[in-house]
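Only one structure is covered here, and it is reproduced in the block below.
Protein chains: 2
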Amino acid sequence: MDKLQIVKIGGNVIENREALKDFLTDFTKIKEAKILVHGGGKEATQMAEKLGIPVQLIEGRRITDSANLEIISMLYAGKLNKTIVAQLQAFGCNALGLSGTDGNSISAQKRAPEPIDFGFVGDVTQVNDALFKTLLTQNITPVCCAITHDNKGQLLNTNADTIASEIAIAMSTHFDVTLSYCFEKKGVLQQVEDEDSVIPIINTSLYETLKRENTIHSGMLPKIHNCFEALKKGVAQVRIGNPKMITEKVKHTQLELK
Amino acid sequence: MDKLQIVKIGGNVIENREALKDFLTDFTKIKEAKILVHGGGKEATQMAEKLGIPVQLIEGRRITDSANLEIISMLYAGKLNKTIVAQLQAFGCNALGLSGTDGNSISAQKRAPEPIDFGFVGDVTQVNDALFKTLLTQNITPVCCAITHDNKGQLLNTNADTIASEIAIAMSTHFDVTLSYCFEKKGVLQQVEDEDSVIPIINTSLYETLKRENTIHSGMLPKIHNCFEALKKGVAQVRIGNPKMITEKVKHTQLELK
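First to last, the protein sequences are chains A and B. Under my numbering, the first residue of the first sequence is numbered 3, with each subsequent residue one higher. Under my numbering, the first residue of the second sequence is numbered 3, with each subsequent residue one higher.
Listed below in structure tokens is the structure:
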């Protein structure tokens, strides 16, 4: 099978213009077929403030009401996605931006309002692997933002890590997929204060230990859950680390089932 | 040759939620291959006001500085484009939103700053007909917003009427193209106060007369110029009228070269 690289970038890489440009330079160097998935960053909160739209939080998690969904669609599918695509085009990578509604690329269902009503938030139900395959065959690089749709006209805010793993799973029937979660750290750290204490390999039993010891907690838990889900469902390789890992041999965390 | 319908919708159809929904219902009924091009409407000006960003006008025409370009990319490529695509998906039309940078669909060059510097405004230099053809072959309906790029990383605000005619011209080597400019009126009017005084056919000699008599002036001039350019360069049929003309036999203005 041909190789496919799926790379997810999040907050800090996106918010820093220079870091984003550096990342996109490296991303362009990937020779095989590739898909980029990007999160949104903090700009949505800043924009809501500027427009005087209240942001409601429940247990530290954002509620996506219709006014905030509008901001998200403007920033993620509009400004950010098009900035990334235009920059990739300038670097010679034929990128094409997609939200989940474009070509019905990613369908989702609105999360049930119980126990907490998160608003217009979607959980992925289907990835249109045929569309991604068609684009990749034409040497086009899909650039996906973290917005899906419910096939009934409603856009839905969706976790970018989950979008990346769901695309990776769906594409693993066609490709030998490597899924890379890039963030500001070099990988999953043994000691949070020591940037170099990267855990090189996390397998399922070490994962249980790290959870028990509270080495892995809060936001890292669903991220690693997504990693293992991807591995269980056919993705060949999953790793977490700094964007440099996609082009250079640098320290990072590799996830393994065994 | 197979038929292709290219439909451009502008201001009033976009700004009214019900009118937009009605239009999209009708657009979905087009059985042959189709492409939708949409303008932006007045929301960009309102958003600039809300965000406290000044809008500069020279001779009644907007200057697109970088702050206003950002607003345009948020509203046109983000909110509006994705709203339209999601609604079409709900109606069973497999739409896919594009700005000119996506898949390098429409390249442009920044307009020269002399005699007037309009800022980040682009004039179309190339349409990627191969991309549009690939999408149409997959039964995907491209939905284009009025943003292009310069292949060097810069997005450019571009006239939606021109985008529609340039796509129509490029696609006329592959399809028998009908280009429909939809707006709030029933067509080009003989008397502006009489909504029913639609001129059924405008050919080049009548166009000259109408210009001389000042029946056609201001914003209608470049629109009709685009129509004739399209006809001269291979587009089979060009018409101006109310969105109803795409599904019903209603009064409208047909443009003809002879």
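Ideal Cβ positions, reconstructed from N, Cα and C, are used throughout, including at glycine.
Please list the residues of the region 59-89 of chain A that have a C-beta atom closer than 8 Å to any C-beta atom in chain B, keeping them in chain order. Listed by position along the chain: 72, 75, 76, 77, 78, 79, 80, 81, 83, 84, 85, 87, 88, 89.
Which runs of the alpha helix (DSSP H) at least 4 residues long sit entirely within the region 3-51 of chain B? Give them in chain order. Here the runs fully enclosed are 13-17, 19-30.
Indicate the three-state DSSP secondary structure (helix, strand or coil) for residue 201(A) in the structure shown. Secondary structure at residue 201(A): coil, using DSSP grouped into helix, strand and coil.
Tell me the residue span of the alpha helix (DSSP H) that contains residue 242(B). No alpha helix (DSSP H) holds residue 242(B); the beta strand (DSSP E) holding it covers 239-243.
For the beta strand (DSSP E) containing residue 180(A), name the first residue and the last one. Start and end: 178-184.
Could you tell me the alpha carbon to alpha carbon distance between residue 182(A) and residue 51(B), rounded to whole angstroms? Roughly 41 Å separates the two Cα atoms.
Using only alpha-carbon positions, find the residue among 135(B), 15(B), 80(B) that is nearest to residue 175(B). The shortest C-alpha separation from residue 175(B) is found at 135(B).
Three Cβ pairs or more, each shorter than 8 Å: is that satisfied between the region 214-230 of chain B and the region 178-194 of chain B? With the cut-off at 8 Å, the region 214-230 of chain B and the region 178-194 of chain B touch.
Please classify residue 56(A) as buried or exposed, where buried requires at least 16 neighbouring CB atoms within 10 angstroms. Residue 56(A) comes out exposed.
Could you check the C-alpha separation between residue 133(B) and residue 205(A) for me, to the nearest Å? Spanning the alpha carbons of residue 133(B) and residue 205(A) requires a straight line of approximately 43 Å.
Residue 53(B) versus chain A: which residues are under 9 Å apart at the beta carbon? What residue 53(B) touches in chain A: 49, 52, 53.
Would you kindly report the start and end of the unbroken alpha helix (DSSP H) that includes residue 206(B)? Per DSSP, the continuous alpha helix (DSSP H) segment holding residue 206(B) begins and ends at 206-214.
Quick check on residue 92(A) - is its C-beta less than 7 Å from some C-beta in chain B? It does: the Cβ of residue 92(A) has a partner Cβ on chain B nearer than 7 Å.
Taking the straight line between their C-alpha atoms, what separation do you get for residue 8(A) and residue 170(A)? Taking the straight line from one Cα to the other gives about 7 Å.
Which word fits residue 245(B), buried or exposed, when buried means at least 16 other C-beta atoms lie within 10 angstroms of its C-beta? By the Cβ neighbour-count rule, residue 245(B) is buried, with 16 or more other Cβ atoms within 10 Å of its own.
Proximal chain A residues relative to residue 153(B), where beta-carbon distance stays under 7 Å: Residue 153(B) reaches chain A at 91, 92, counting residues in chain order whose Cβ is nearer than 7 Å.
At least one CB of chain B closer than 7 Å to the CB of residue 101(A): is that the case? Chain B contact via Cβ: present.
So residue 146(B) and residue 39(B) are in contact, right, with Cβ under 8 Å, and what is the actual spacing, rounded? Taking the Cβ atoms as the reference, residue 146(B) lies roughly 5 Å from residue 39(B), within the contact range of under 8 Å.
Cα-Cα, which of 32(A), 121(A), 24(A), 165(A) is closest to residue 130(A)? Of the listed residues, the one whose Cα sits closest to residue 130(A) is 165(A).
Please name the residue or residues paired with residue 100(B) in a DSSP beta bridge. Answer is 146(B), bridged to residue 100(B).
Identify whether residue 114(A) lies in helix, strand or coil by the three-state DSSP scheme. Residue state, collapsed to three classes: coil.
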